[in-house]
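Reviewing the structure listed below.
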Amino acid sequence: MAKSKDDYKVNGSECESVPFNESTNEDGKEKCQTKAPITEYRSFLHEILNNDATRFKTLLSVCAASGFCILGWTKGQFGPAFLDILLIGGTSLEEGSMFMTSYFIGRVLGSILGGAIYSRLNRYLILVVAMTTNSVMFAVIPWCTVYELMIAAHVLHGISGGVMSVCKLHYPGFIVHLL
1 MAKSKDDYKV NGSECESVPF NESTNEDGKE KCQTKAPITE YRSFLHEILN NDATRFKTLL
61 SVCAASGFCI LGWTKGQFGP AFLDILLIGG TSLEEGSMFM TSYFIGRVLG SILGGAIYSR
121 LNRYLILVVA MTTNSVMFAV IPWCTVYELM IAAHVLHGIS GGVMSVCKLH YPGFIVHLL
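Here is the structure:
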């Protein structure tokens, strides 16, 4: 049994920008406008104060943006702070190069760990724990005077940075939610 052209039409609004059905009347003029008129003006501040979904998405976007800033800032501190960390740890340049190596080994392990646990645990909890661990490790590193403790702190700092970067990149359109 053959279907007619009308069987494939989608019932939608008459005022669609690309109408599925004919939207012209007998004299060839459109029946409606292509854009719906704005009935009420709401500011972004009004939406944040009164809409829970907008408030939550805004908070997520702020957390994601601050997380990217933290990752960039901590990564940018390696070079200028490297000599100070060598003095704090009482190590030579050859031994101190293991600090950066351990950070990036931790970063790889953190990316693998983040990819493994991302779909199994609560995404927001993972992000909060990773950001907190990253901040604590960043604050603890200048106080580590023992070489092995400094290596462990850099590995944990790298793991938390890797988990944080994986979890933030997998959120679909953090900042796009606001647009």
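Each residue of the sequence shown is one higher than the one before, starting from 1 at the first, in full-length UniProt numbering. Every residue, glycine too, gets a C-beta built ideally from N, C-alpha and C. Everything numeric in this text was worked out from a predicted model, so none of it was measured.
Asked	Found
Integer-rounded CB distance, given that Leu-127 should sit under 8 Å from Cys-167	5 Å
C-alpha gap between Phe-82 and Phe-56, whole angstroms	39 Å
Selected residue, minimal CA-CA separation from Gln-77, among Met-164, His-154 and Leu-60	His-154
Contact under 7 Å by Cβ, Gly-158 with Ser-111	no
Burial state of Leu-60 (16 or more Cβ within 10 Å)	buried
heavy atom of the ligand FMN below 6 Å from Ala-81 C-beta	This structure lacks the ligand FMN, and indeed carries no ligand of any kind.
8 Å contact criterion, which Leu-86 and Gly-96 should meet: CB distance rounded	4 Å
Alpha helix (DSSP H) segment containing Leu-45, residue limits	44-50
N-terminal and C-terminal residue of the alpha helix (DSSP H) that Gly-90 is part of	First-last for Gly-90: undefined, no H or E at that position.
Other residues of its chain near Gly-114: CB distance less than 8 Å, five sequence neighbours each side excluded	Ile-126, Ala-130, Gly-162, Val-163, Met-164, Ser-165, Val-166 and Cys-167
Nearest-angstrom Cα separation, counted from Met-98 out to Gly-90	13 Å
Per-residue DSSP class, three states only, for Ser-23	In this prediction, Ser-23 scores a pLDDT of 49, lower than 50, which makes its location untrustworthy; no coordinate-derived value is stated.
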